[in-house]
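**Student:**
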Amino acid sequence: MLPLLAASIAAVCLGGPAAAQLNIQPKEMKGVQIVEHLGDTLPLDLRFRDETGADVSLKQYFDGERPVLLNLVYYNCPMLCNLVLNGAIEGLQGVEFTPGDEFQIVTISIDHREGPELAAAKKKTYLEQYGRPEAAEGWHFLTGERDTIRALADAIGFGFQYDPDRMEYAHGAAIFFVSPKGVLTRYLYGIQYEPKQLRLALVEAGEGTIGSAVDQLLLRCYMYNPDSREYAFYIWGAMRLGGLLTIVLIAGMLIILWRRERRQNYGAV
Numbered sequence: 020m021l022p023l024l025a026a027s028i029a030a031v032c033l034g035g036p037a038a039a040q041l042n043i044q045p046k047e048m049k050g051v052q053i054v055e056h057l058g059d060t061l062p063l064d065l066r067f068r069d070e071t072g073a074d075v076s077l078k079q080y081f082d083g084e085r086p087v088l089l090n091l092v093y094y095n096c097p098m099l100c101n102l103v104l105n106g107a108i109e110g111l112q113g114v115e116f117t118p119g120d121e122f123q124i125v126t127i128s129i130d131h132r133e134g135p136e137l138a139a140a141k142k143k144t145y146l147e148q149y150g151r152p153e154a155a156e157g158w159h160f161l162t163g164e165r166d167t168i169r170a171l172a173d174a175i176g177f178g179f180q181y182d183p184d185r186m187e188y189a190h191g192a193a194i195f196f197v198s199p200k201g202v203l204t205r206y207l208y209g210i211q212y213e214p215k216q217l218r219l220a221l222v223e224a225g226e227g228t229i230g231s232a233v234d235q236l237l238l239r240c241y242m243y244n245p246d247s248r249e250y251a252f253y254i255w256g257a258m259r260l261g262g263l264l265t266i267v268l269i270a271g272m273l274i275i276l277w278r279r280e281r282r283q284n285y286g287a288v
């Protein structure tokens, strides 16, 4: 497992142009890179089974109002998937948004052999770890057929391969943010996710449907940096915002002075 985990982390760290330039592709990671499809719409007509065994359409988790945090794992994964889910939970515990209210979480197994019973067990485990029982209505654990899973993974750009020697799947580590209408808006990589990064990604994916006015302003001061793969302070955005606030402040002062002058003039008459 350790060689496979190391290869998976290497794929995350060296994915994209860097890996192509260095021509580094461990045998275990052939076809396992994550290729971003930002701006693409997911095939929402794909059908899966939820943790109760019910036949569901991916479309039903996209209501046009709430963004979706999507992750592809497999429930019997001995290490990496658990690290990704644990990292997401730890980060989300520091975000006041709750699944089912401001956003949805959809977790889908890439292993077509896994079924609803295992999905239900995983949901119970992770909800207990999350510590928010009210999130049960907003966090969905799905399983599906091989072709359906592959179609969704291809749409996201999530490469994975089964290694029969180790009887494990090789895959990268990332979570995906999708707009309320099913458009991919952001990828966050690794196995740890800071609450601020998660909140900004959810607000961005929400396209104005969630978050406060302060959150919307923060998005003008923070920009996603593809090199560091996180939201970083954007000096020019902050300067533009500062300039706008200065204009508003000056305009407010002028209005106050104008009203004061009018009252003085009318009082003199």
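FYI, the numbering for the sequence shown is 20 to 288, going by this note's numbering.
Just so you know, even glycine gets a beta-carbon here, dropped at the ideal spot from N, CA and C.
Predicted model, so just to flag it, every value in this text is computed and none were measured.
#1: Who are the near neighbours of L161 in its chain, counting only those whose CB is closer than 6 Å to its CB and skipping five residues on each side?
#2: Would you mind sorting L57 into buried or exposed? The rule is 16 or more other CB atoms within 10 Å of its CB.
#3: When the Cα atoms are used, what is the spatial distance from F195 to L89?
#4: Three or more beta-carbon pairs under 8 Å between the segment 103 to 121 and the segment 144 to 162, yes or no?
#5: If you drop the 5 nearest sequence neighbours on each side, which residues of the same chain put their C-beta closer than 8 Å to that of Y188?
#6: Would Q112 be called buried (16 or more neighbouring beta carbons within 10 Å of its own) or exposed?
#7: Do L61 and S76 count as a contact pair if the criterion is CB distance below 9 Å?
#8: Using CA atoms only, rank isn't needed, just tell me which of A220, D246, P245 and E213 is closest to I108.
#9: Below 8 Å on the Cβ atoms is my guess for V54 versus G209; work out the distance and round it to an integer in Å.
#10: Apart from the five residues on each side of it in sequence, which residues of its chain come closer than 7 Å, Cβ to Cβ, to K141?
#11: Enumerate, from N- to C-terminal direction, the unbroken beta strand (DSSP E) stretches of 3 or more residues contained entirely within the segment 69 to 114.
#12: Output the distance between the C-alpha atoms of E226 and Q211, rounded to the nearest integer angstrom.
#13: By alpha-carbon positions, which one of L102, Q79 and Q52 ends up nearest to P199?
#14: Could you check the C-alpha separation between P86 and V222 for me, to the nearest Å?
#15: By the three-class DSSP mapping on this structure, what secondary structure does L63 have?
#16: Relative to the alpha-carbon of A220, which residue among V114, T71 and D59 has its alpha-carbon at the smallest distance?
#17: Measure from the alpha carbon of V103 to the alpha carbon of each residue in R132, F122, H190 and R218, then state which is nearest.
#18: Quick one: what does DSSP say Y212 is sitting in, helix, strand or coil?
#19: Determine the DSSP secondary structure at E55, reduced to helix, strand or coil.
#20: Within its chain, find whatever has a CB closer than 8 Å to the CB of G110; leave out the 5 residues flanking it on each side and keep chain order.
#21: Going by alpha carbons, who is nearest to N105 out of R132, Y149, L63 and G83?
#22: Might you give, ordered along the chain, the residues of its own chain that have their beta carbon closer than 7 Å to the beta carbon of T167, omitting 5 neighbours on each side?
#23: Please return the same chain residues whose Cβ sits closer than 7 Å to the Cβ of D74, not counting the five positions on each side in sequence.
#24: What distance in whole Å lies between the Cβ atoms of Y206 and M192, which are believed to be in contact at a cut-off of 8 Å?
#25: For G50, does the count of other Cβ atoms within 10 angstroms reach 16, so buried, or fall short, so exposed?
#26: Where do the N-terminal and C-terminal ends of the beta strand (DSSP E) with A138 fall, by residue?
#27: In this structure, how does DSSP classify T167 when only helix, strand and coil are distinguished?
**Tutor:** The relevant details are as follows:
#1: Taking the sequence shown and counting its residues from 1, one reaches residue 161 at position 142. F67, D69 and I127, listed in sequence order.
#2: If you number the sequence shown from 1, residue 57 lands on position 38. L57 comes out exposed.
#3: Taking the first residue of the sequence shown as position 1, residue 195 is located at position 176. Taking the first residue of the sequence shown as position 1, residue 89 is located at position 70. Near 5 Å, if we compare the C-alpha coordinates of L89 and F195.
#4: yes
#5: Start at 1 with the first residue of the sequence shown, and residue 188 comes out as number 169. Closer than 8 Å at Cβ, skipping near neighbours: Y93, C96, I129, D130, F179, Q180, Y181 and D182.
#6: Counting from 1 along the sequence shown, the entry for residue 112 is found at position 93. The residue is exposed, with fewer than 16 neighbouring Cβ atoms inside 10 Å.
#7: Indexing the sequence shown from 1 puts residue 76 at position 57. Indexing the sequence shown from 1 puts residue 61 at position 42. Contact flag unset, no.
#8: For the purposes of this step, residue 108 is taken as residue 89 along the sequence shown, with counting starting at 1. Of A220, D246, P245 and E213, the residue nearest in Cα terms is E213.
#9: In the sequence shown, residue 54 corresponds to position 35, counting from 1. In the sequence shown, residue 209 corresponds to position 190, counting from 1. 17 Å between Cβ atoms; not a contact.
#10: The count along the sequence shown starts at 1 and reaches residue 141 at position 122. Y94 and F160.
#11: 74 to 76 and 87 to 92
#12: The count along the sequence shown starts at 1 and reaches residue 226 at position 207. The count along the sequence shown starts at 1 and reaches residue 211 at position 192. C-alpha separation (whole angstroms): 24 Å.
#13: In the sequence shown, the residue the question calls residue 199 occupies position 180. Comparing Cα-Cα distances from P199 to each of L102, Q79 and Q52, the minimum goes to Q79.
#14: Working through the sequence shown from its first residue, we reach residue 86 at position 67. Working through the sequence shown from its first residue, we reach residue 222 at position 203. For P86 and V222, the distance between alpha carbons rounds to 8 Å.
#15: By 1-based counting over the sequence shown, the position of residue 63 is 44. Looking at L63 - three-state DSSP - the assignment turns out to be coil, as it is neither helix nor strand.
#16: Locating residue 220 in the sequence shown gives position 201, where the first residue counts as 1. Here the closest residue by C-alpha is V114.
#17: The residue labelled residue 103 in the question sits at position 84 within the sequence shown. Among R132, F122, H190 and R218, the Cα nearest to that of V103 is on H190.
#18: Residue mapping note: residue 212 aligns to position 193 of the sequence shown, counting from 1. Coil, per DSSP.
#19: The residue labelled residue 55 in the question sits at position 36 within the sequence shown. In the structure shown, E55 sits in coil (DSSP, three-state: anything other than H, G, I, E or B).
#20: Position 91 of the sequence shown, counting from 1, holds the residue named residue 110. The residues are Q211, Y212, E213, P214, Q216 and L217.
#21: Within the sequence shown, numbered from 1, the residue matching residue 105 stands at position 86. The candidate whose alpha carbon is nearest that of N105 is Y149.
#22: Your numbering for residue 167 matches position 148 in the sequence shown. The answer, listed in chain order, is L65, R66 and F67.
#23: For the purposes of this step, residue 74 is identified with residue 55 of the sequence shown, where counting begins at 1. Taken in chain order, the residues that qualify are R66 and R68.
#24: Sequence index remark: in the sequence shown, residue 192 carries index 173 (1-based). Sequence index remark: in the sequence shown, residue 206 carries index 187 (1-based). Met is not the amino acid found at residue 192; the sequence shown has Ala there. Contact doesn't hold; Cβ gap of about 11 Å is too wide.
#25: Counting from one through the sequence shown, the residue named residue 50 turns up at place 31. Exposed.
#26: Counted from its first residue, the sequence shown places residue 138 at position 119. Note, A138: premise wrong, no beta strand (DSSP E); alpha helix (DSSP H) at P135 to Y149.
#27: What you label residue 167 is simply residue 148 of the sequence shown in a count that begins at 1. Helix.
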